[in-house]
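Residue numbers (my numbering), protein chains in the order written: chain A, 37 to 276; chain B, 141 to 309.
By construction, the Cβ of each residue, glycine as well, lies at the ideal position given by its N, Cα and C atoms.
Below is the structure:
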């Protein structure tokens, strides 16, 4: 990376919106470049000016009371049960963890949190992949040496799921390969997880996580596709 | 809460009331209008709770708050033909809270002087700590637009800070 490629990424870096690979590249450049460090410092000055100066207004207590005292007729008072789930889910997420209405295991929690976070980061980044290729013979060797186990790489372009590339991401402390597919406008991440990782299917904020066995290795499919499309890809991956 | 009040919306509103009020305050500039807009938003949210289609509840709630603020702002502009943020005694208000903290009052003034689209993006990102995705949901714009508004807003503030170095240094 040089200044020209780093500068446009500095704000996303500051905002914690880069994927880990990009963040590492930015950091590597920052280590060697004073001009970019200065630019980052200036961005951080703006942040500190806004945050440190307590510009956050708190709701007056009379507003709080006014809202608590507001009554509605019963027509809209009944909520479907899934709304309760959604609310609990959202609140849990904001409290610092991804919603876990389906299980309690800490590993589930961490893995699901990490793969969703990684997927969203990748979508926000300029490119969701580190190696661009629709050729599995390029993607597979690229992983070699970067992760403990190189995954089986298949292209399903004939079935509408074109291999788009790959990247490395972290689940907990472990570097895992991520295979990236495209299906129409959908970007799909397939996280190949360490053997023994247990995970259940779930949805979060409109994104879906489905598990699949990839030749003996657990994997997570994460995307905003619907259940039927996800099942199609899962069947293709299973059969490969 | 009584049985006739939708408990979910009430909980959501109370949980994120500070965020809602803070956004309203930065968009409208004074306590009365911000409180009224948040209350309007609460009524609207409760009436349209059945249209909530899942996803990020905080972003959904803040999007309603923002719409109510913009409606109020549009009404006020039609009435007065003045920019909402220019005729408010908010600096004095902030100064009072900070007990004559010059720096704080100045930053507030500089933020308040930004056009609303940059101000709201910065408030949601830097003060409320929302992600790009959440801000995009609140503002109903693509993530790329969020990024460019944040970027321009930050550049404007940097220039404003540089123009007043004796106070902001």
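Inset, instruction - Would you kindly work out how many angstroms separate the C-alpha atoms of residue 298 of chain B and residue 292 of chain B, rounded to a whole number? - result: Walking along the second chain from the start, residue 298 of chain B turns up at place 158. Walking along the second chain from the start, residue 292 of chain B turns up at place 152. Cα-Cα distance, rounded: 10 angstroms.
Inset, instruction - Give the residues from the segment 91-104 of chain A that approach chain B closer than 9 angstroms (Cβ to any Cβ), ordered along the chain. - result: Along the segment 91-104 of chain A, the positions whose C-beta sits under 9 angstroms from a C-beta of chain B are 91, 92, 93, 94, 95, 96, 98, 99, 100, 102, 103 and 104, read in chain order.
Legend entry - From B:149, B:205 and B:187, residue whose alpha carbon lies closest to that of residue 280 of chain B: Residue numbering aside, residue 280 of chain B sits at position 140 when the second chain is read from its first letter. Looking at the Cα atoms, B:205 is the closest of the given residues.
Inset, instruction - Taking the CB atoms as reference points, tell me whether residue 265 of chain A and residue 219 of chain A lie closer together than 8 angstroms. - result: Numbered from its first residue, the first chain carries residue 265 of chain A at position 229. Numbered from its first residue, the first chain carries residue 219 of chain A at position 183. It is a contact, given that the beta carbons lie within the stated cut-off.
Inset, instruction - Please check if any C-beta of chain B sits within less than 8 angstroms of the C-beta of residue 48 of chain A. - result: Your numbering for residue 48 of chain A matches position 12 in the first chain. It does; some Cβ of chain B falls within 8 angstroms.
Inset, instruction - Can you say whether residue 39 of chain A is buried or exposed, counting buried as having 16 or more other CB atoms within 10 angstroms of its CB? - result: Position 3 of the first chain, counting from 1, holds the residue named residue 39 of chain A. In this structure residue 39 of chain A is exposed. Its beta-carbon is surrounded by fewer than 16 other beta-carbon atoms within 10 angstroms.
Inset, instruction - Could you tell me whether the Cβ atoms of residue 160 of chain B and residue 200 of chain B are closer together than 8 angstroms? - result: As a first step, residue 160 of chain B is located in the second chain; it is residue number 20 there, counting from the start. As a first step, residue 200 of chain B is located in the second chain; it is residue number 60 there, counting from the start. By the CB criterion at 8 angstroms, residue 160 of chain B and residue 200 of chain B fall outside the cutoff.
Legend entry - 8 angstroms Cβ cutoff met for residue 262 of chain B and residue 213 of chain B: The residue given as residue 262 of chain B occupies position 122 in the second chain. The residue given as residue 213 of chain B occupies position 73 in the second chain. Taking 8 angstroms as the Cβ cut-off, residue 262 of chain B and residue 213 of chain B do not qualify as a contacting pair.
Legend entry - Helix, strand or coil at residue 195 of chain B according to DSSP, with G and I counted as helix: The residue you call residue 195 of chain B lines up with position 55 of the second chain. Here residue 195 of chain B carries a coil assignment [DSSP, helix/strand/coil].
Legend entry - Sequence-distant residues of its chain with Cβ nearer than 6 angstroms to residue 208 of chain A (five each side left out): Counting from one through the first chain, the residue named residue 208 of chain A turns up at place 172. Same-chain partners within the cutoff: 146.
Legend entry - Exposed unless 16 or more other CB atoms sit within 10 angstroms - verdict on residue 177 of chain A: Position 141 of the first chain, counted from the first residue, corresponds to residue 177 of chain A. A residue is called buried when at least 16 other Cβ atoms come within 10 angstroms of its Cβ; residue 177 of chain A does not meet this threshold and is exposed.
Inset, instruction - Let me know if residue 164 of chain A comes out buried or exposed under the rule of 16 or more other beta-carbons within 10 Å of its beta-carbon. - result: Position 128 of the first chain, counted from the first residue, corresponds to residue 164 of chain A. Residue 164 of chain A comes out buried.
Legend entry - Three-state class that DSSP yields for residue 212 of chain B in the structure shown: Taking the second chain and counting its residues from 1, one reaches residue 212 of chain B at position 72. The answer is helix: DSSP assigns residue 212 of chain B an H, G or I state.
Inset, instruction - Report the rounded CA-to-CA distance for residue 266 of chain B versus residue 274 of chain A, giving the unit in angstroms. - result: In the second chain, counting from the first residue as 1, residue 266 of chain B sits at position 126. In the first chain, counting from the first residue as 1, residue 274 of chain A sits at position 238. About 44 angstroms.
Inset, instruction - Compare the C-beta of residue 135 of chain A against all C-beta atoms of chain B and say whether one is closer than 8 angstroms. - result: Counted from its first residue, the first chain places residue 135 of chain A at position 99. Any reading at residue 135 of chain A must be qualified, since the residue scores a pLDDT of 39, below 50, and its modelled position is unreliable; no value is offered.
Inset, instruction - Return no unless some Cβ of chain A is closer than 8 angstroms to the Cβ of residue 239 of chain B. - result: Start at 1 with the first residue of the second chain, and residue 239 of chain B comes out as number 99. Only weak support is given to the placement of residue 239 of chain B: the predicted model assigns it a pLDDT of 48, under 50, and the question is left unresolved by the model.
Legend entry - For residue 58 of chain A and residue 41 of chain A, the rounded distance between their alpha carbons: Here residue 41 of chain A corresponds to residue number 5 of the first chain, with the count starting at 1. Here residue 58 of chain A corresponds to residue number 22 of the first chain, with the count starting at 1. Rounded to the nearest angstrom, the gap between the Cα atoms of residue 41 of chain A and residue 58 of chain A is 11 angstroms.
Inset, instruction - State yes or no: is the beta carbon of residue 156 of chain A nearer than 8 angstroms to at least one beta carbon in chain B? - result: Mapped onto the first chain, residue 156 of chain A falls at position 120. Taking Cβ atoms only, chain B reaches closer than 8 angstroms to residue 156 of chain A, which makes this a yes.
Inset, instruction - On the DSSP bridge assignment, give the partners of residue 226 of chain A in chain order. - result: Translated into positions along the first chain, residue 226 of chain A becomes position 190. Answer by DSSP bridge pairing, in chain order: A:215 and A:257.
Inset, instruction - Give me whichever residues DSSP pairs with residue 8 of chain A in a beta bridge. - result: A query on residue 8 of chain A cannot be resolved here, the shown segment of chain A reaching from 37 to 276 and no further.
Legend entry - Interface flag, residue 242 of chain B vs chain A, CB-CB below 8 angstroms: For this step, residue 242 of chain B is matched to residue 102 along the second chain. Residue contact check for residue 242 of chain B against chain A: no CB pair falls below 8 angstroms.
Legend entry - residue 228 of chain A and residue 250 of chain A closer than 8 angstroms at C-beta: In the first chain, residue 228 of chain A corresponds to position 192, counting from 1. In the first chain, residue 250 of chain A corresponds to position 214, counting from 1. Going by C-beta atoms, residue 228 of chain A is nearer than 8 angstroms to residue 250 of chain A.
Legend entry - 8 angstroms Cβ cutoff, residue 291 of chain A in contact with chain B: Here chain A covers residues 37 to 276 and nothing more, so residue 291 of chain A does not appear.
Legend entry - Reference residue 203 of chain A; option with closest CA among A:173, A:158, A:247 and A:242: As a first step, residue 203 of chain A is located in the first chain; it is residue number 167 there, counting from the start. Shortest Cα-Cα distance from residue 203 of chain A to any of A:173, A:158, A:247 and A:242 involves A:158.
Inset, instruction - Please list the residues of the segment 209-229 of chain A that have a C-beta atom closer than 8 angstroms to any C-beta atom in chain B, keeping them in chain order. - result: Flagged: no residues at all.
Inset, instruction - Give the residues of chain B in contact with residue 242 of chain A, contact being defined as C-beta atoms less than 7 angstroms apart. - result: Taking the first residue of the first chain as position 1, residue 242 of chain A is located at position 206. For residue 242 of chain A, the chain B residues whose C-beta falls within less than 7 angstroms of its own C-beta are 194 and 195, listed in chain order.
Legend entry - Contacting residues, own chain, Cβ-Cβ under 7 angstroms from residue 237 of chain A (five flanking each side not counted): Looking up residue 237 of chain A in the first chain gives position 201. Within the same chain, residue 237 of chain A has close Cβ partners 245, 246 and 247.
Legend entry - Residue closest to residue 79 of chain A, alpha-carbon to alpha-carbon, out of A:181, A:49 and A:166: Within the first chain, the letter at position 43 stands for residue 79 of chain A. The shortest C-alpha separation from residue 79 of chain A is found at A:49.
Legend entry - CB of residue 303 of chain B within 8 angstroms of CB of residue 196 of chain B, strictly: Here residue 303 of chain B is taken as the residue at index 163 of the second chain, counted from 1. Here residue 196 of chain B is taken as the residue at index 56 of the second chain, counted from 1. Not in contact: residue 303 of chain B and residue 196 of chain B (Cβ atoms no closer than 8 angstroms).
Legend entry - Environment of residue 215 of chain B [buried if 16+ CB atoms lie within 10 Å]: On the second chain, position 75 is the one that residue 215 of chain B refers to. Residue 215 of chain B should be labelled exposed.
Inset, instruction - Using a threshold of 8 angstroms, state whether the C-beta atoms of residue 85 of chain A and residue 272 of chain B are closer than that. - result: To locate residue 85 of chain A, count along the first chain from 1; it is residue 49. To locate residue 272 of chain B, count along the second chain from 1; it is residue 132. By the CB criterion at 8 angstroms, residue 85 of chain A and residue 272 of chain B fall outside the cutoff.
Inset, instruction - Measure from the C-beta of residue 158 of chain B to each C-beta in chain A and report whether the shortest distance is under 8 angstroms. - result: Here residue 158 of chain B corresponds to residue number 18 of the second chain, with the count starting at 1. Judged by the 8 angstroms Cβ criterion, residue 158 of chain B is in contact with chain A.
Legend entry - chain B residues whose Cβ lies nearer than 8 angstroms to that of residue 87 of chain A: For this step, residue 87 of chain A is matched to residue 51 along the first chain. Listed along the chain, the chain B residues whose CB falls inside 8 angstroms of the CB of residue 87 of chain A are 266 and 267.
Legend entry - residue 162 of chain B and residue 268 of chain B closer than 8 angstroms at C-beta: Walking along the second chain from the start, residue 162 of chain B turns up at place 22. Walking along the second chain from the start, residue 268 of chain B turns up at place 128. Less than 8 angstroms separates the beta-carbon of residue 162 of chain B from that of residue 268 of chain B.
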